[in-house]
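Read the structure below first, then the notes.
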Amino acid sequence: MLSAVIACFIIGYVVIVFEHPLRLDKTVPALLMGAICWALLSLGFNSGVLDVVDGHEHLFSLADHAGDHAMSHEEAEEGFMAALLHHLGKTAEILIFLIGAMTIVEIVDLHRGFDILKGWVRTRNKKRLLWIVGILGFILSAIIDNLTATIVLVTLLRKLVPDRDQRIWYIAMIVIAANAGGAWSPIGDVTTTMLWIGKRVSTAGLMEYLILPSIVCFAVPFFVASFLKPFQGELMGVPVVSKEELKAERLLSSKTMLFLGLGMIVFVPIFKTITHLPPYIGMMLSLGVVWLVSEYIHPEEDFTEERKEAYSAHKALSRIEMSSILFFLGILMAVAALETVAVGEVGALRAVAEALQSVIPDQNIVVFILGFLSAIIDNVPLVAASMGMYDMAKYAIDDTLWHFIAYSAGTGGSMLIIGSAAGVAAMGMERIDFIWYFKKISWLAFIGFAAGAAVFMAIETLF
């Protein structure tokens, strides 16, 4: 039965990896994989074939040969359900947080808040434009997450660079900047958010240890790219938009909602630090404030009750990607099943970690390889698996292991266009070819990833 659980996970994972050739939304195999893994685990447990481990490392068994672990049927059932509810609770924390953040971003977008950014980019010099949009991507991704930052900047570049062949070079570089920017912020990437909510990293620790490696990961490829031919000279055919025209495109509420939305998202880590409450509580508060303001603010001069629906939070909620939320639900619960099924005295993922430790004693090498894997495989399940592999009693909050995992999983995905949410979004919006990205951009992403990793390990060694 253990083999069946593992086989179900592997098959589901393969289908997710090949979602594009199969033309199947990855949410479908994720949901099926999560449900079937737990179903197999329950059947195996109730028949006495499988043992389970809860979130506190307690072993529960219905097997006849349980020995010291022998217990009543009721106790074992309670233990199994407690393990399931524990993992569902941890997953729900992440999903509620993401739903709140995504809704705030959509409210800001409805009020054309991100159009303010167009006024900050007024140059025809290709090299200067590269650094401006790169820095914007790096900073924005740390605030509104790398996926949303990429979508915002792709939309902006469509207006700034009409020539698609030229534009995709900038967009590909934004993917690198957005992933690097998201790695040092607890709200910048789903994986760092998972580690933060899972109490593996703190806001201050993440920023302290990863800000410099992330800057290097961003700056090195951009510095090299600035000498490449696509970023030399001036942009041709770009219309000059006056400040008056830019203001005319905005709404009365654009600036207010932009700074309120970004400010309330940034407030979440501050709220957690002050109150010591889980991050999703702070996100609920922030969403409530933004929603409240959006109900009473007037986006237009002649604002009527009939126009209110166009800028409402209800419309913003209808625009968030629920398929992504359900994907995370399925994949995280599937990984939780592997964390729960017992191999000997520990969960299956912990057993894998112990086996890796015996084969590759240097954890930095293991985590560095994780960065390459995140370019091929979705980094969400990789980080979820790593959280189950290593014992928090041995690797406490802000241990360098967790910081290096956050860096590797967050930035390693830039090496392939399909390796991160930001890359997939850019690929979908601009139809960027996988082979083109691999030939032109992957080497830039690699040198940035390797340089940042070297800086991280140097800091670890010295301090």
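Taken in order, the sequence shown gives residues 1 to 463; the numbers are from UniProt numbering. We treat Cβ as the ideally placed atom computed from N, Cα and C, and that holds for glycine. Note that the structure is predicted; figures quoted are calculated from it, not measured.
- Look at A342 here: in three-state DSSP terms it is strand.
- Residue pairing from DSSP places F60 in a beta bridge opposite V52.
- With a contact defined as Cβ atoms closer than 8 Å, I116 and L252 miss out at about 13 Å.
- Distances from the CA of L235 to each of V380, F45, T150, K127 were compared; the closest alpha carbon is that of K127.
- Considering only F463, N179, D54, the residue with the shortest C-alpha distance to A336 is D54.
- Residue range 164–183 is occupied by the alpha helix (DSSP H) that includes R167.
- With a beta-carbon spacing of about 11 Å, M387 and R350 fall beyond the 8 Å limit used to define contacts.
- Close CB contacts of T193 within its chain, under the 7 Å cut and outside five residues either way in sequence, are with I94, F97, P186, I187 (chain order).
- Taking a contact as a CB-CB distance under 8 Å, the pair Y437 and I459 does not count as one, their CB atoms being some 30 Å apart.
- Under DSSP, G347 shares a beta bridge with A342.
- For a cut-off of 8 Å, the C-beta gap from I265 to A450 is around 31 Å, too long to register as a contact.
- Per DSSP, H314 is one residue of the alpha helix (DSSP H) stretching across 313–319.
- Bridge partners of N125 according to DSSP: E234.
- Secondary structure note for S202: it is in no alpha helix (DSSP H), with a DSSP letter that is neither H nor E.
- With fewer than 16 other CB atoms across the displayed protein chains lying within 10 angstroms of its CB, M81 is exposed.
- The C-beta of S47 has fewer than 16 other C-beta atoms within 10 Å across all chains shown, which makes the residue exposed.
- Where R112 is concerned, there is no enclosing alpha helix (DSSP H), because DSSP gives it neither an H nor an E.
- L43 and V268 have their C-alpha atoms spaced approximately 41 Å apart.
- Residue environment analysis places L84 among the buried positions, since at least 16 neighbouring C-beta atoms fall within 10 angstroms of its C-beta.
- Distance between A149 and E208, taken at the CA atoms: about 22 Å.
- Out of V175, V5, S374, the CA that lies nearest to the CA of G419 is found in S374.
- Here F267 carries a helix assignment [DSSP, helix/strand/coil].
- Annotation: L140 to Y296 spans about 27 Å, alpha carbon to alpha carbon.
- Collapsing the DSSP output to three states places Y395 in coil.
- L24 sits in coil when the DSSP states are folded into three classes, being neither helix nor strand.
- Its Cα nearest to that of S294, the residue L110 stands out among I6, L110, L50.
- With contacts defined as CB atoms closer than 9 Å, V154 and A355 fail to qualify as a contacting pair.
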